[in-house]
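Listed in order, the protein sequences are those of chains H and V. Under this note's numbering, the residue at position 300 of the first sequence is numbered 304, and the numbers go up by one with no gaps. Under this note's numbering, the residue at position 349 of the second sequence is numbered 353, and the numbers go up by one with no gaps. Yeah, the Cβ is synthetic: ideal placement off N, Cα and C, and Gly gets one too. Note that the structure is predicted; figures quoted are calculated from it, not measured. Structure first, commentary second.
Protein chains: 2
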Amino acid sequence: MTTIENVSPTNAGSMMQNPLLISSILDHAVRCHGDVEVVSRRCEGDIHRYTYADVAQRAKQLANALQAHGIAAGARVATLAWNGYRHLEIYYAVSGMGAITHTINPRLFPEQIAYIANHAEDEILFFDLTFLPLVEAVAPKLHNVKTYILLADKTHMPATTSLANLHCYEYFIAAHSANFAWPALDEDAPASLCYTSGTTGNPKGVLYTHRSTVLHTVGANAPDGFGLNSDSVVLPVVPMFHVNAWGIPYICPAYGCKLVFPGPALDGASLYQLFEQEAVTMSAGVPTVWLGLLNHVRSNNLRFSTFKETVIGGSACPPAMLREFEDVYGVTVIHAWGMTELSPLGTVCRLKRAQKLLSAEAQFAIKVKQGRSIFGVDMKIVGSDGAALAHDGKAFGDLHVRGSWVCARYYKETESALINGWFPTGDVATIDADGFMQITDRSKDVIKSGGEWISSIELENLAMAHPAVMEAAVIGVAHSKWDERPLVLVVLKPNTTLTSAELLQFYEGKIAKWWMPDDVVFVEKLPHTATGKLLKTQLRDEYRAHFLAK
Amino acid sequence: MTTIENVSPTNAGSMMQNPLLISSILDHAVRCHGDVEVVSRRCEGDIHRYTYADVAQRAKQLANALQAHGIAAGARVATLAWNGYRHLEIYYAVSGMGAITHTINPRLFPEQIAYIANHAEDEILFFDLTFLPLVEAVAPKLHNVKTYILLADKTHMPATTSLANLHCYEYFIAAHSANFAWPALDEDAPASLCYTSGTTGNPKGVLYTHRSTVLHTVGANAPDGFGLNSDSVVLPVVPMFHVNAWGIPYICPAYGCKLVFPGPALDGASLYQLFEQEAVTMSAGVPTVWLGLLNHVRSNNLRFSTFKETVIGGSACPPAMLREFEDVYGVTVIHAWGMTELSPLGTVCRLKRAQKLLSAEAQFAIKVKQGRSIFGVDMKIVGSDGAALAHDGKAFGDLHVRGSWVCARYYKETESALINGWFPTGDVATIDADGFMQITDRSKDVIKSGGEWISSIELENLAMAHPAVMEAAVIGVAHSKWDERPLVLVVLKPNTTLTSAELLQFYEGKIAKWWMPDDVVFVEKLPHTATGKLLKTQLRDEYRAHFLAK
Numbered sequence: 005m006t007t008i009e010n011v012s013p014t015n016a017g018s019m020m021q022n023p024l025l026i027s028s029i030l031d032h033a034v035r036c037h038g039d040v041e042v043v044s045r046r047c048e049g050d051i052h053r054y055t056y057a058d059v060a061q062r063a064k065q066l067a068n069a070l071q072a073h074g075i076a077a078g079a080r081v082a083t084l085a086w087n088g089y090r091h092l093e094i095y096y097a098v099s100g101m102g103a104i105t106h107t108i109n110p111r112l113f114p115e116q117i118a119y120i121a122n123h124a125e126d127e128i129l130f131f132d133l134t135f136l137p138l139v140e141a142v143a144p145k146l147h148n149v150k151t152y153i154l155l156a157d158k159t160h161m162p163a164t165t166s167l168a169n170l171h172c173y174e175y176f177i178a179a180h181s182a183n184f185a186w187p188a189l190d191e192d193a194p195a196s197l198c199y200t201s202g203t204t205g206n207p208k209g210v211l212y213t214h215r216s217t218v219l220h221t222v223g224a225n226a227p228d229g230f231g232l233n234s235d236s237v238v239l240p241v242v243p244m245f246h247v248n249a250w251g252i253p254y255i256c257p258a259y260g261c262k263l264v265f266p267g268p269a270l271d272g273a274s275l276y277q278l279f280e281q282e283a284v285t286m287s288a289g290v291p292t293v294w295l296g297l298l299n300h301v302r303s304n305n306l307r308f309s310t311f312k313e314t315v316i317g318g319s320a321c322p323p324a325m326l327r328e329f330e331d332v333y334g335v336t337v338i339h340a341w342g343m344t345e346l347s348p349l350g351t352v353c354r355l356k357r358a359q360k361l362l363s364a365e366a367q368f369a370i371k372v373k374q375g376r377s378i379f380g381v382d383m384k385i386v387g388s389d390g391a392a393l394a395h396d397g398k399a400f401g402d403l404h405v406r407g408s409w410v411c412a413r414y415y416k417e418t419e420s421a422l423i424n425g426w427f428p429t430g431d432v433a434t435i436d437a438d439g440f441m442q443i444t445d446r447s448k449d450v451i452k453s454g455g456e457w458i459s460s461i462e463l464e465n466l467a468m469a470h471p472a473v474m475e476a477a478v479i480g481v482a483h484s485k486w487d488e489r490p491l492v493l494v495v496l497k498p499n500t501t502l503t504s505a506e507l508l509q510f511y512e513g514k515i516a517k518w519w520m521p522d523d524v525v526f527v528e529k530l531p532h533t534a535t536g537k538l539l540k541t542q543l544r545d546e547y548r549a550h551f552l553a554k
Numbered sequence: 005m006t007t008i009e010n011v012s013p014t015n016a017g018s019m020m021q022n023p024l025l026i027s028s029i030l031d032h033a034v035r036c037h038g039d040v041e042v043v044s045r046r047c048e049g050d051i052h053r054y055t056y057a058d059v060a061q062r063a064k065q066l067a068n069a070l071q072a073h074g075i076a077a078g079a080r081v082a083t084l085a086w087n088g089y090r091h092l093e094i095y096y097a098v099s100g101m102g103a104i105t106h107t108i109n110p111r112l113f114p115e116q117i118a119y120i121a122n123h124a125e126d127e128i129l130f131f132d133l134t135f136l137p138l139v140e141a142v143a144p145k146l147h148n149v150k151t152y153i154l155l156a157d158k159t160h161m162p163a164t165t166s167l168a169n170l171h172c173y174e175y176f177i178a179a180h181s182a183n184f185a186w187p188a189l190d191e192d193a194p195a196s197l198c199y200t201s202g203t204t205g206n207p208k209g210v211l212y213t214h215r216s217t218v219l220h221t222v223g224a225n226a227p228d229g230f231g232l233n234s235d236s237v238v239l240p241v242v243p244m245f246h247v248n249a250w251g252i253p254y255i256c257p258a259y260g261c262k263l264v265f266p267g268p269a270l271d272g273a274s275l276y277q278l279f280e281q282e283a284v285t286m287s288a289g290v291p292t293v294w295l296g297l298l299n300h301v302r303s304n305n306l307r308f309s310t311f312k313e314t315v316i317g318g319s320a321c322p323p324a325m326l327r328e329f330e331d332v333y334g335v336t337v338i339h340a341w342g343m344t345e346l347s348p349l350g351t352v353c354r355l356k357r358a359q360k361l362l363s364a365e366a367q368f369a370i371k372v373k374q375g376r377s378i379f380g381v382d383m384k385i386v387g388s389d390g391a392a393l394a395h396d397g398k399a400f401g402d403l404h405v406r407g408s409w410v411c412a413r414y415y416k417e418t419e420s421a422l423i424n425g426w427f428p429t430g431d432v433a434t435i436d437a438d439g440f441m442q443i444t445d446r447s448k449d450v451i452k453s454g455g456e457w458i459s460s461i462e463l464e465n466l467a468m469a470h471p472a473v474m475e476a477a478v479i480g481v482a483h484s485k486w487d488e489r490p491l492v493l494v495v496l497k498p499n500t501t502l503t504s505a506e507l508l509q510f511y512e513g514k515i516a517k518w519w520m521p522d523d524v525v526f527v528e529k530l531p532h533t534a535t536g537k538l539l540k541t542q543l544r545d546e547y548r549a550h551f552l553a554k
């Protein structure tokens with residue numbers, strides 16, 4: 005194929021070379037949506053409201069303050085903060101001036117927080133009132149943080165603190181001008197940093213650029229993506245310390261949506277009150293947070309007045325929750341899938357025109373999938389030999405992705421994270437002919453038997469459908485003939501009985517014959533991670549010799 | 005300000021450097037919307053239907069055929085064609101392989117077509133059956149075109165022709181493989197070329213790049229832009245030879261919309277039949293084409309079953325047409341504004357949340373504006389001194405724009421088309437506090453009186469509101485004291501009378517005192533361009549000395 009070098013100079017395109025910059029998002033909001041509100045429930049307990057014009061003014065004051073404080077382009081600026089307006093100002097001030105917003109997850113263990121802040125060489129740390137004790141505990145272990153800034157006004161500053169160089173946010177910015185010209189950065193300049201913690205090894209950083217962030221903003225907000233516009237009132241429950249709240253703090257100002265921040269109050273009653281008071285139309289978060297909201301609404305016999313749509317990601321939405329949201333409360337549930345390495349959005353599960361003509365149950369079967377890739381993200385599934393598998397909804401393999409907002413290597417690592425130019429997600433999935441992807445397993449959990457793969461998740465879900473089973477884990481255990489064979493570990497419900505033979509019989513007719521687990525072990529309880537996920541590494545260690553010993 | 009050079013190497017972003025390429029649009033369509041239909045009314049008269057999977061297959065055959073025919077990267081490939089599936093295949097094959105799709109407007113005079121094709125150095129010309137006589141007439145003047153390809157099958161080839169090297173499209177591609185790997189081009193490589201003809205001078209080319217096209221695709225299709233998704237059935241009336249049909253041939257495959265091409269049959273009856281038969285939900289075009297459709301629907305007492313929304317641009321939608329579409333037929337009219345130099349979309353007039361609470365008349369007053377800029381386009385208005393004017397809906401000045409899909413210089417010109425980094429649109433406009441822009445004049449038509457500006461269009465509209473006036477033109481004429489003063493030229497309706505004094509009195513109270521025209525001249529008729537616009541240059545020449553002579 006002829007290449008671009010063959011193009012004669014007179015053929016250079018005529019178009020402007022405008023860099024894609026995060027500052028352009030806030031500039032656009034000021035010009036077109038300057039009076040649109042940003043409403044925040046504060047750690048102080050009250051409700052704060054102002055506009056995008058105010059955000060821009062204070063972000064510029066903050067940029068001047070940071071510059072005066074010696075923060076240079078490329079410096080890492082850390083936050084430990086809830087979703088709120090001051091956190092939003094930090095997002096735009098820091099990235100806008102050319103420095104890097106590093107949002108840290110306060111739910112991590114203090115040791116992990118220290119590791120991350122030291123690895124990132126954070127120079128300054130902004131934090132919410134809630135996290136003062138945490139920051140005081142961690143501070144002695146932080147090697148690079150020279151300044152601490154409490155996101156509060158003077159009246160909320162602690163009388164005493166062990167922190168050496170603690171500033172009050174409002175005082176920090178007050179003396180500074182709101183005149184600040186956002187620099188014309190290179191669009192490939194880094195803008196924000198987020199660490200992802202796997203089940204093994206140290207957390208790894210993903211360093212987003214201005215380009216990747218702006219492309220994710222417009223890509224993720226396609227009409228069949230988040231689809232937000234100037235009618236939308238958006239309450240992100242997903243935290244701003246978790247992959248930039250799935251990009252919502254960028255999407256809302258770009259498209260003129262009213263933004264409602266819940267602060268630290270994520271209980272059902274507080275959320276419901278804010279949904280109603282601010283006329284929220286759309287929200288986004290992980291399934292667990294919706295449990296509390298649904299409990300509150302159900303037990304108080306309430307209804308939503310304006311809430312129309314919720315995007316659920318992070319983990320699969322339990323089918324019962326999906327049905328309750330839709331059938332009882334008229335709130336459409338949109339499944340989405342992504343990861344820190346994808347900025348995060350990869351797929352959104354919106355039905356297509358032809359699918360909307362299917363039966364309710366057929367539609368439901370699609371809605372539990374993770375969805376189809378948004379334009380800008382390519383997906384494929386590959387087998388153990390690396391060859392691409394069919395998109396037939398049946399074949400399942402390692403899910404690989406690529407695109408302009410996909411990670412190529414981790415922060416400070418020299419080695420590429422890619423395989424032949426694609427990012428291996430660590431998920432195992434199917435993709436159907438309509439492009440809908442469904443996660444069937446994690447790559448490390450899939451059971452490899454005689455060269456074929458068995459989904460541990462599907463075997464677990466089937467076991468948990470048995471009335472006597474409270475929880476089940478299925479792992480692959482080494483086998484002399486088949487490499488690995490499935491083993492089921494079961495915790496029974498109180499006052500129930502079940503035999504191995506009964507459970508295995510329960511599987512009959514529901515799975516291919518060669519998927520049938522080789523054994524069932526009944527246990528008192530199963531090990532979990534801090535975030536409640538099954539700790540399968542420990543189970544695999546424990547039962548390593550189960551079949552070999554037999 | 006610290007600059008990006010200060011960023012240490014360990015701070016380079018972690019994200020993939022995937023180029024933004026037009027081929028990725030079709031690839032995405034095949035993966036996620038392979039079975040979505042593309043329906044075309046052909047020049048042959050019948051209806052053709054196939055899918056995006058088929059588009060991709062035939063586009064790859066065409067790419068192989070072009071390559072075998074010696075078309076290299078950067079070569080200009082011309083079309084003279086209606087909206088149809090073969091034209092779509094050319095779009096993707098030519099840009100995808102690294103060559104440049106040059107769509108020529110067949111409505112131009114043959115001399116202009118020859119000028120444009122020679123200036124672009126087009127090597128090959130694809131054309132529809134309709135245009136065979138035109139192409140035969142122009143061919144002797146074309147210096148670079150070596151091959152002519154008729155977009156038809158063997159049965160429609162002419163028995164005799166004066167064209168030296170005429171091929172049949174279907175035969176041209178038939179022998180070639182559908183295996184073709186789209187090259188990994190530089191995203192700044194040129195992709196398509198479109199000429200814009202001003203009222204003076206030769207037409208000028210705008211050379212779009214892959215990057216500008218992909219960014220326009222996602223930017224223009226924001227939820228408050230075109231807002232198209234997999235529910236949409238789109239019939240672009242705006243031609244593919246007119247700024248790439250406003251980007252619709254790129255947007256539809258990227259977002260899974262069914263695409264319906266009207267071919268050459270743009271009369272009301274043919275359009276209505278296609279709207280109903282294919283369940284069209286959205287269309288786009290200039291006001292004149294809707295006159296025919298509305299006439300047909302009105303006189304046959306018809307209704308639209310699925311048509312929901314029409315985007316109107318090119319020139320302002322007459323208020324009566326807007327009201328008829330919305331009030332009688334329930335079709336929402338969305339005003340949009342753009343130009344060839346903007347790929348073309350700059351603004352879309354969708355009301356914001358707060359505006360939807362206004363009275364119907366207040367909403368109407370907003371809907372007649374050109375709209376607010378889509379994210380990705382910056383706009384400002386400047387006065388004669390180049391200083392930015394207030395966005396208050398009153399101040400009006402030269403409209404300047406910038407953004408990633410805005411022209412920086414014309415094709416083959418070395419000089420920048422920009423003023424301080426902004427593209428001067430040649431329009432005079434107001435921008436209100438909500439960011440809504442309204443064109444008040446063309447820059448060359450605005451009347452400059454004593455350092456202040458007077459809108460010729462507003463004075464014309466007022467004159468035409470007088471019951472005796474059939475048509476009016478207002479021009480600025482040189483004046484010894486005020487530089488320029490307004491002169492009204494009026495064509496009266498048959499069997500009416502009107503004096504200058506009566507018309508000037510009609511203006512009283514409707515305009516600022518200093519806007520009052522200095523004189524009125526009654527004429528038999530006014531001069532127009534080929535496309536029906538007032539030819540004010542001729543009027544200005546003719547009346548150059550009108551006030552000086554007095």
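Using DSSP bridges, identify the partner residues of M441/H. G375/H, I435/H
Between the beta-carbon of P291/H and the beta-carbon of S319/H, is there less than 9 Å? yes
How far does the beta strand (DSSP E) with E41/V in it extend, from its first residue to its last? 41-45
What residues in the stretch 397-420 of chain V bring their beta carbon closer than 7 Å to a beta carbon of chain H? Those would be R406, G407, S408, W409, V410, C411, A412, R413, Y414, Y415, K416, in chain order.
Using a Cβ-Cβ cut-off of 9 Å, state whether F311/V counts as contacting chain H. no
In whole angstroms, give me the CA-to-CA distance for D111/V and E140/V. In the sequence as presented, Asp is not what sits at residue 111/V; that position holds Arg. For R111/V and E140/V, the distance between alpha carbons rounds to 15 Å.
Which chain H residues are close to K356/V, counting only those with a beta carbon under 7 Å from its beta carbon? Simply S234, G260.
Quick one, which of N499/H, G455/H, T503/H has its alpha-carbon nearest R489/H's? For the options N499/H, G455/H, T503/H, the alpha carbon positioned closest to that of R489/H is the one of G455/H.
Output needed in chain order: residues of the stretch 374-389 of chain H with a Cβ under 7 Å from some Cβ in chain V. R376, S377, F379
Which residues mark the beginning and the end of the alpha helix (DSSP H) in which S460/V is found? S460/V -> alpha helix (DSSP H) spans 460-468.
Hey, could you find the ends of the alpha helix (DSSP H) E140/H is sitting in? 136-142
Alpha-carbon to alpha-carbon, L275/H and I94/V: 53 Å
Can you find a CB in chain C that lies within less than 9 Å of the CB of N299/V? Reference to chain C is not applicable here, since the protein chains of this structure are H and V.
Quick one: is M325/H near chain V, going by C-beta distance under 9 Å? no
Between which residues of its own chain and R215/V is the CB-CB distance below 8 Å, once the five residues before and five after are set aside? P23, L24, E191, D192, S408
So, under 8 Å CB-CB, V492/V and L502/V are touching, yes? Tell me the CB distance rounded to an integer number of Å. That pair is no contact at about 11 Å.
How would you list, in chain order, the residues of chain H whose beta-carbon sits under 7 Å from the beta-carbon of V210/V? S18
Check whether the Cβ of R46/H lies closer than 9 Å to any Cβ atom in chain V. No, R46/H does not count as interfacial toward chain V.
Is the CB of I338/H under 9 Å away from at least one CB in chain V? Chain V, which has no Cβ nearer than 9 Å to the Cβ of I338/H, makes this no.
Evaluate R53/H with the Cβ neighbour count: other Cβ atoms within 10 Å of its Cβ, from every protein chain shown; 16 or more gives buried, anything less gives exposed. exposed
Counting contacts by CB-CB distance shorter than 9 Å, is P207/V in contact with chain H? no
Backbone CA spacing between Y173/V and I108/V [nearest angstrom]: In this structure, the alpha-carbon of Y173/V lies about 18 Å from that of I108/V.
Report the residue from T314/H, L239/H, L30/H, W294/H whose alpha carbon sits nearest the alpha carbon of V284/H. L239/H
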